[in-house]
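**Student:**
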Amino acid sequence: MEDDAPVIYGLEFQARALTPQTAETDAIRFLVGTQSLKYDNQIHIIDFDDENNIINKNVLLHQVGEIWHISASPADKGVLATCYSKITDSRVLTCAAVWRMPEESEPGSHESPDEASSTAHALELLCDLDGAGAHGSVACVVWEPTGDGKRVVSLADNHLLLWDLQESSSRALLASSASLEGKGQLRFTSGRWSPHHNCTQLATANDTAVRGWDTRSMSQIYCMENAHGQLVRDLDFNPNKQYYLATCGDDCKVKFWDTRNVTQPVAALEEHSHWVWNVRYNHSHDQLVLTGSSDSRVILSNMVSISSEPFGHLVDDEDLSDQEERRPEDKSQEPPQDGVIATYEEHEDSVYAVDWSSADPWLFASLSYDGRLVINRVPRALKYHILL
Numbered sequence: 001m002e003d004d005a006p007v008i009y010g011l012e013f014q015a016r017a018l019t020p021q022t023a024e025t026d027a028i029r030f031l032v033g034t035q036s037l038k039y040d041n042q043i044h045i046i047d048f049d050d051e052n053n054i055i056n057k058n059v060l061l062h063q064v065g066e067i068w069h070i071s072a073s074p075a076d077k078g079v080l081a082t083c084y085s086k087i088t089d090s091r092v093l094t095c096a097a098v099w100r101m102p103e104e105s106e107p108g109s110h111e112s113p114d115e116a117s118s119t120a121h122a123l124e125l126l127c128d129l130d131g132a133g134a135h136g137s138v139a140c141v142v143w144e145p146t147g148d149g150k151r152v153v154s155l156a157d158n159h160l161l162l163w164d165l166q167e168s169s170s171r172a173l174l175a176s177s178a179s180l181e182g183k184g185q186l187r188f189t190s191g192r193w194s195p196h197h198n199c200t201q202l203a204t205a206n207d208t209a210v211r212g213w214d215t216r217s218m219s220q221i222y223c224m225e226n227a228h229g230q231l232v233r234d235l236d237f238n239p240n241k242q243y244y245l246a247t248c249g250d251d252c253k254v255k256f257w258d259t260r261n262v263t264q265p266v267a268a269l270e271e272h273s274h275w276v277w278n279v280r281y282n283h284s285h286d287q288l289v290l291t292g293s294s295d296s297r298v299i300l301s302n303m304v305s306i307s308s309e310p311f312g313h314l315v316d317d318e319d320l321s322d323q324e325e326r327r328p329e330d331k332s333q334e335p336p337q338d339g340v341i342a343t344y345e346e347h348e349d350s351v352y353a354v355d356w357s358s359a360d361p362w363l364f365a366s367l368s369y370d371g372r373l374v375i376n377r378v379p380r381a382l383k384y385h386i387l388l
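So for the sequence shown, UniProt numbering puts the first residue at 1; every next one is plus one.
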């Protein structure tokens, strides 16, 4: 099998929630949450064996409801948060909770699906985030990127809520909050916590706007009022350039912003033909940007001109030995160009989630609504071009 071939895993239920196991930096592991109204929902722990190109899986029961969003603790491999819907007083409410996976849920068993369901373990509930639903339906839960995994933000309707997890995450204390003010029914759609500025900044999306927040004062620090022509679906911070932010939305566009000057984007991509649900920067090589859309495609783009290495990997002349002395034609090489690297078309349904592995910077997963998880690699030629 050629090394760049995709590996496909099928869930028997529909699914839209995907996250890498952030604290796991050795094994390539993703968590997928299902959406079934009829049966108990599940979290599939997907381990990818890179050497043999095979997937090992384990299934955990998530009996409280269908999963809309999942996020993993950056500090504790066994802890995760889900946003799930439940019916209370004849209305559907999306709640959020923090869970612990059982110790013995390490993947590695090759059992058939029948055996898997009979031995599936349940998640252990650590704490609810606003269990009474006083603040409304939760769109997502975001962990503080660095640190001990004790601080999370939940976005519920028009409320931004900062929680302190105490007593081994068994208790959530509301530390501070902020709200969107304005006309109409304002509602957050997504948010990300910046890994820069000592983790004091968040960005949120609501309707067509993107806002920045300072977590110390819970005040707004910037706002792109019409960042997209239609609803903003997702955003992500550049891990290596502290002011750079990517956004995507229902106008089929992906835009890149410098938050110091938000009047217009620094770059934009228009490669998708339907809503763009997800945008993700590569954690190590920030010129690699991944997007997933309900046009059923995953696109890997090269945004090298606004990356932390706009001229490729720079090598000092002193670092070169005599034998490696650079030839004149090398110096006049064109700088790398922005554009699409590859389009992946293994999905047949809307791609609701894409994400990079936290263990292997050249590997990523995408999930479509029909329960198909596809694991792909960055093309080998590009990988060597970036490294060498």
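Yeah, the Cβ is synthetic: ideal placement off N, Cα and C, and Gly gets one too.
Quick caveat, the model's predicted, so the values are computed rather than measured.
1. Please go through the same chain and pick out, in chain order, the residues whose beta-carbon is closer than 7 Å to the beta-carbon of serine 177, but skip the five residues on each side of it.
2. What is the residue span of the beta strand (DSSP E) that alanine 381 lies within?
3. On the three-state DSSP scale, how would you describe asparagine 198?
4. Helix, strand or coil: how does DSSP classify serine 296 here?
5. Within the same chain, show all residues whose beta-carbon is closer than 6 Å to that of alanine 156, passing over the 5 residues directly before and after it, in chain order.
6. For alanine 27 and proline 379, I'd like the C-alpha separation in whole angstroms.
7. Secondary structure at valine 266, three-state DSSP: helix, strand or coil?
8. Among the candidates His385, Asp4, Asp258 and Pro74, whose CA atom is the shortest distance from the CA of aspartate 148?
9. For the beta strand (DSSP E) containing glutamine 220, name the first residue and the last one.
10. Go ahead and pull the three-state DSSP assignment for valine 64.
11. Based on DSSP bridge pairs, tell me the residues matched to histidine 159.
12. Identify which residue in Ser194, Glu124 and Leu125 has its Cα closest to the Cα of valine 142.
13. May I have the straight-line CA-CA distance separating serine 332 from proline 310, to the nearest angstrom?
14. Following the continuous beta strand (DSSP E) through threonine 19, name the residue where it begins and the one where it ends.
15. So what's phenylalanine 357 in DSSP terms, helix, strand or just coil?
16. So, at 8 Å on beta carbons, what are the nonlocal neighbours of cysteine 127 in its own chain, with the 5 sequence-adjacent residues on each side left out?
17. In whole angstroms, give me the CA-to-CA distance for isoleucine 386 and leucine 363.
18. State the Cα-Cα distance for the pair aspartate 349 and glycine 292, rounded to the nearest angstrom.
19. To which residues of the same chain is glutamate 270 closer than 6 Å at the C-beta, ignoring the five residues directly before and after it?
20. Expressed to the nearest angstrom, what Euclidean distance is found between the alpha-carbon atoms of valine 32 and glutamate 103?
21. Taking 7 Å as the limit between beta carbons, can you name the residues of its chain near aspartate 49, skipping five residues before and five after?
22. Against chain C, does lysine 150 count as a neighbour if the rule is that its beta carbon must be under 7 Å from one of theirs?
23. Using a threshold of 7 Å, state whether the C-beta atoms of arginine 233 and glutamine 220 are closer than that.
24. Does the ligand NAD have a heavy atom nearer than 6 Å to the CB of glutamate 103?
25. According to DSSP, simplified to helix, strand and coil, what is serine 85?
26. What did DSSP end up calling serine 36 once you bin it into helix, strand or coil?
27. For the putative contact between methionine 101 and leucine 123, defined by C-beta atoms under 8 Å, what is the C-beta separation to the nearest angstrom?
28. Tell me whether glutamate 51 is buried or exposed, calling it buried when 16 or more other Cβ atoms sit within 10 Å of its Cβ.
29. Where does serine 305 sit, in a helix, a strand or coil, going by DSSP?
30. How long is the line joining the alpha carbons of alanine 23 and serine 305, rounded to whole angstroms?
31. Using the Cα positions of glutamine 242 and serine 284, report the straight-line distance between them to the nearest angstrom.
32. Where cysteine 140 and serine 368 are concerned, what is the direct C-alpha to C-alpha distance, given to the nearest angstrom?
**Tutor:** The answer reads as follows:
1. Along the sequence shown, one-based indexing puts residue 177 at 177. So the list reads His159, Leu160, Leu161, Leu162 and Met218, once near-sequence residues are dropped.
2. Working through the sequence shown from its first residue, we reach residue 381 at position 381. If you look at alanine 381, you'll find it isn't in any beta strand (DSSP E); it sits in the alpha helix (DSSP H) that goes 380-387.
3. As a position in the sequence shown, residue 198 is number 198, starting the count at 1. Looking at asparagine 198 - three-state DSSP - the assignment turns out to be helix.
4. Residue mapping note: residue 296 aligns to position 296 of the sequence shown, counting from 1. Coil, per DSSP.
5. Position 156 of the sequence shown, counted from the first residue, corresponds to residue 156. Excluding residues within five positions, the ones whose Cβ falls inside 6 Å are His135, Gly136 and Val138.
6. The residue given as residue 27 occupies position 27 in the sequence shown. The residue given as residue 379 occupies position 379 in the sequence shown. Computed Cα separation, rounded: 21 Å.
7. Here residue 266 refers to the residue found at position 266 of the sequence shown. Three-state result, valine 266: coil.
8. For the purposes of this step, residue 148 is identified with residue 148 of the sequence shown, where counting begins at 1. Cα-wise, what sits closest to aspartate 148 is Pro74.
9. Position 220 of the sequence shown, counting from 1, holds the residue named residue 220. From DSSP, the beta strand (DSSP E) with glutamine 220 extends over 219-224.
10. Here residue 64 refers to the residue found at position 64 of the sequence shown. Note: valine 64 maps to coil in three-state DSSP.
11. Stepping through the sequence shown from its first residue, residue 159 is reached at position 159. Beta-bridge pairing links histidine 159 to Ala156 and Ser179.
12. Translated into the one-based positions of the sequence shown, residue 142 becomes position 142. Nearest of Ser194, Glu124 and Leu125 to valine 142, Cα basis: Ser194.
13. Within the sequence shown, the letter at position 332 stands for residue 332. Within the sequence shown, the letter at position 310 stands for residue 310. In this prediction, serine 332 scores a pLDDT of 41, lower than 50, which makes its location untrustworthy; no coordinate-derived value is stated.
14. Residue mapping note: residue 19 aligns to position 19 of the sequence shown, counting from 1. Run containing threonine 19: 14-20, per the beta strand (DSSP E) assignment.
15. Locating residue 357 in the sequence shown gives position 357, where the first residue counts as 1. A small correction: the amino acid at residue 357 is serine; phenylalanine does not occupy that position in the sequence shown. Correct three-state label for serine 357: coil.
16. In the sequence shown, the residue the question calls residue 127 occupies position 127. Contacts found: Ala97, Val98, Leu165, Ser169, Ser170, Arg171 and Ala172.
17. Start at 1 with the first residue of the sequence shown, and residue 386 comes out as number 386. Start at 1 with the first residue of the sequence shown, and residue 363 comes out as number 363. Rounded to the nearest angstrom, the two C-alpha atoms are 15 Å apart.
18. As a first step, residue 349 must be located in the sequence shown, where it is residue number 349. As a first step, residue 292 must be located in the sequence shown, where it is residue number 292. Approximately 11 Å between the Cα atoms of the pair.
19. In the sequence shown, residue 270 corresponds to position 270, counting from 1. Counting only Cβ-Cβ distances below 6 Å, and skipping sequence neighbours, we find Lys253.
20. Taking the sequence shown and counting its residues from 1, one reaches residue 32 at position 32. Taking the sequence shown and counting its residues from 1, one reaches residue 103 at position 103. The straight-line gap from Cα to Cα measures roughly 18 Å.
21. For the purposes of this step, residue 49 is taken as residue 49 along the sequence shown, with counting starting at 1. Closer than 7 Å at Cβ, skipping near neighbours: Asn56.
22. Among the chains in the structure shown there is no chain C, since it carries only a single protein chain.
23. Your numbering for residue 233 matches position 233 in the sequence shown. Your numbering for residue 220 matches position 220 in the sequence shown. Contact flag unset, no.
24. This structure lacks the ligand NAD; in fact it carries no ligand of any kind.
25. Indexing the sequence shown from 1 puts residue 85 at position 85. Three-state result, serine 85: strand.
26. Within the sequence shown, residue 36 is the residue found at index 36, counting from 1. Here serine 36 sits in coil by DSSP.
27. Residue 101 sits at position 101 when you count from the first residue of the sequence shown. Residue 123 sits at position 123 when you count from the first residue of the sequence shown. Rounded, the Cβ-Cβ distance is 6 Å, consistent with contact.
28. Locating residue 51 in the sequence shown gives position 51, where the first residue counts as 1. It is exposed - the Cβ of glutamate 51 has fewer than 16 other Cβ atoms within 10 Å.
29. The count along the sequence shown starts at 1 and reaches residue 305 at position 305. DSSP, reduced to helix, strand and coil, places serine 305 within a helical segment of the structure shown.
30. Within the sequence shown, the letter at position 23 stands for residue 23. Within the sequence shown, the letter at position 305 stands for residue 305. The alpha-carbon of alanine 23 is positioned some 30 Å away from that of serine 305.
31. Position 242 of the sequence shown, counted from the start, is the residue given in the question as residue 242. Position 284 of the sequence shown, counted from the start, is the residue given in the question as residue 284. Using only the alpha carbons, I get a separation of about 14 Å.
32. As a working note, residue 140 is residue 140 in the sequence shown. As a working note, residue 368 is residue 368 in the sequence shown. Cα-Cα distance, rounded: 19 Å.
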